[in-house]
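**Student:** First residue of the sequence shown: 12, per our numbering; consecutive thereafter.
This structure is in structure tokens; I'll ask about it shortly.
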Amino acid sequence: MIITDTWMPISPLSVSENDQFQITDTIAAGTTISALTVKVYLGNTDKTSTIMPGTEQSYSGNRFSTNKIQSLSGSNTYIVAARVTIDGQVITRKCEIRVQKESDLS
């Protein structure tokens, strides 16, 4: 089996700067996740420690959830990169998060 989907189905995700949420993804082509590491990037800078603190990250079967994502700055685009070992294969699933200021109209 070869898993080729890089981007999560919810990507791109549009949120407001003060939103707090977790991302959950299911890898349909796989059955069992055995490891998960999630990072958050702004450009080439790793922002994981400030954007995604905590220990709520979890996985079961072919589904995983990130820690709570928070403290996003408006008018920025972040990339959440989840490195997953599923059925012995290491893949990276990504989600683009577009953050609007609360004062933006659209």
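Don't be surprised by glycine CBs; every beta carbon is placed ideally from N, CA and C.
1. The beta strand (DSSP E) that contains Ser27, what's its start and end?
2. Could you pull the DSSP bridge partners for Ser69 from this structure?
3. Compute the Euclidean distance between the alpha carbons of Gly41 and Thr35, then round it to the nearest angstrom.
4. Please identify the residue among Ile62, Ser84 and Thr88 whose C-alpha is closest to the C-alpha of Lys112.
5. Here's a check: name, in chain order, each residue in its chain whose Cβ is nearer than 7 Å to the Cβ of Asn29, leaving out the five neighbours to either side.
6. Note down, in chain order, each residue of its chain lying with its Cβ closer than 6 Å to the Cβ of Val51, except the 5 sequence neighbours on either side.
7. Return helix, strand or coil for Ile62, following the three-state DSSP convention.
8. Might you give, ordered along the chain, the residues of its own chain that have their beta carbon closer than 8 Å to the beta carbon of Lys105, omitting 5 neighbours on each side?
9. Terminal residues of the continuous beta strand (DSSP E) containing Ile97?
**Tutor:** Straight from the coordinates:
1. In the sequence shown, the residue the question calls residue 27 occupies position 16. Annotation for Ser27: the continuous beta strand (DSSP E) segment containing it runs Leu24 to Ser27.
2. Residue numbering aside, residue 69 sits at position 58 when the sequence shown is read from its first letter. Looking at the DSSP output, Ser69 sits in a beta bridge with Ser76.
3. Stepping through the sequence shown from its first residue, residue 41 is reached at position 30. Stepping through the sequence shown from its first residue, residue 35 is reached at position 24. In this model, Gly41 and Thr35 are separated by some 15 Å (Cα to Cα).
4. In the sequence shown, residue 112 corresponds to position 101, counting from 1. Looking only at Ile62, Ser84 and Thr88, the smallest Cα-Cα distance to Lys112 is reached by Ser84.
5. Taking the first residue of the sequence shown as 1, we reach residue 29 at position 18. Cβ within range, chain order: Glu113.
6. Walking along the sequence shown from the start, residue 51 turns up at place 40. Correct list, in chain order: Lys58, Thr59, Ile62, Met63, Tyr89 and Val91.
7. Mapped onto the sequence shown, residue 62 falls at position 51. In the three-state reduction of the DSSP assignment, Ile62 falls in the helix class.
8. Here the question's residue 105 lines up with position 94 in the sequence shown. Taken in chain order, the residues that qualify are Thr17, Trp18, Met19, Ser22, Ile90, Val91, Ala92 and Ala93.
9. What you label residue 97 is simply residue 86 of the sequence shown in a count that begins at 1. Taken as a continuous stretch (DSSP letters only), the beta strand (DSSP E) holding Ile97 covers Asn87 to Ile97.
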